[in-house]
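Enquirer: Residues 1 to 131 (the numbering used here) make up the sequence shown, in order.
Note that beta-carbon positions come from the ideal geometry of N, C-alpha and C, so glycine has one too.
Take a look at the following structure, please.
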Amino acid sequence: MSTNAKDLRNPLKRARGLGSSQFGVGHWWTQRVTAVALIVLVLWFVTLVLGLLHADYATARAAVAKPWNAVLLIAFVITVFWHAVLGLQVVIEDYVHTRWKEIVLLVAIKFIAVLSVLASTLAVLRIALGA
């Protein structure tokens, strides 16, 4: 057993150096902050979409081209994908037990999310800047 009575770690964990990772709390807080931001942004987005429900293409394009709507739409897209990556990362780390599959999935999710954010941001900027 351990010589220190306060050290409750498993001896194998101590031998491998698997202590506190120092990143769990930051990940948890980021996930909660993005969730709160999404509450506000989803309410705005639903309001925008319901306001454009029976509008034509030109009206919808003009609504997205308004500066505040464009900024909030970009913030919405970034926050949605960031929150999704954080959530999927937790699921993969908890349920995928083969290390190489875990790494491949984590890299693929981050790559797809970054690509999607860039494409969405480009689309909103093209509309907002009149291209």
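Report yes if the C-beta distance between His83 and Ala35 is below 8 Å; otherwise report no.
Expert: For the purposes of this step, residue 83 is taken as the residue at position 83 of the sequence shown. For the purposes of this step, residue 35 is taken as the residue at position 35 of the sequence shown. Yes, they are a contact pair.
Enquirer: Going by other Cβ atoms of all chains shown within 10 Å of its Cβ, with 16 needed for buried, is Ser2 buried or exposed?
Expert: Here residue 2 is taken as the residue at index 2 of the sequence shown, counted from 1. Residue placement at Ser2 is poorly supported in this model, since its pLDDT is 49, which falls under 50; the coordinates are not used for a value here.
Enquirer: Over what stretch of residues does the alpha helix (DSSP H) that includes Gly87 continue unbroken?
Expert: What you label residue 87 is simply residue 87 of the sequence shown in a count that begins at 1. Unbroken alpha helix (DSSP H) run through Gly87: Pro67 to Tyr95.
Enquirer: Just verifying my parser: in three-state terms, what is the DSSP assignment at Gly24?
Expert: On the sequence shown, position 24 is the one that residue 24 refers to. Three-state DSSP puts Gly24 in a helix.
Enquirer: With DSSP run on the structure shown, which of helix, strand or coil describes Ala63?
Expert: Within the sequence shown, the letter at position 63 stands for residue 63. Correct three-state label for Ala63: helix.
Enquirer: With burial defined as no fewer than 16 other Cβ atoms inside 10 Å of the residue's Cβ, what is the status of Phe111: buried or exposed?
Expert: Taking the first residue of the sequence shown as 1, we reach residue 111 at position 111. Exposed.
Enquirer: I need the straight-line Cα distance from Phe76 to Trp100, nearest angstrom please.
Expert: Walking along the sequence shown from the start, residue 76 turns up at place 76. Walking along the sequence shown from the start, residue 100 turns up at place 100. If I take the Cα positions, the gap works out to 32 Å.
Enquirer: Grab me the residues of Leu86's own chain with a C-beta within less than 8 Å of its C-beta, minus the 5 sequence neighbours each way, in chain order.
Expert: Here residue 86 corresponds to residue number 86 of the sequence shown, with the count starting at 1. Closer than 8 Å at the Cβ level, and outside the excluded window around Leu86, lie His27, Thr30, Gln31 and Thr34.
Enquirer: For Trp134, collect the residues of the same chain with a Cβ closer than 8 Å to its Cβ; drop the 5 residues on either side in sequence, then sort them by chain order.
Expert: Since the displayed the chain opens at 1 and closes at 131, residue 134 lies outside it and no answer follows.
Enquirer: On a CA-only basis, which of Ala60, Trp68 and Ile78 is nearest Val117? Give me that one, please.
Expert: As a working mapping, residue 117 is identified with position 117 in the sequence shown. With distances taken between Cα atoms, Val117 lies closest to Ile78.
Enquirer: Using a Cβ distance threshold of 8 Å, determine whether the region 116-130 contacts the region 58-74, with at least three qualifying pairs required.
Expert: Taking 8 Å as the limit for Cβ pairs, the verdict is that the region 58-74 does touch the region 116-130.
Enquirer: Which first and last residues belong to the alpha helix (DSSP H) in which Thr98 is found?
Expert: Your numbering for residue 98 matches position 98 in the sequence shown. Segment: none, Thr98 is in no alpha helix (DSSP H) and carries neither H nor E.
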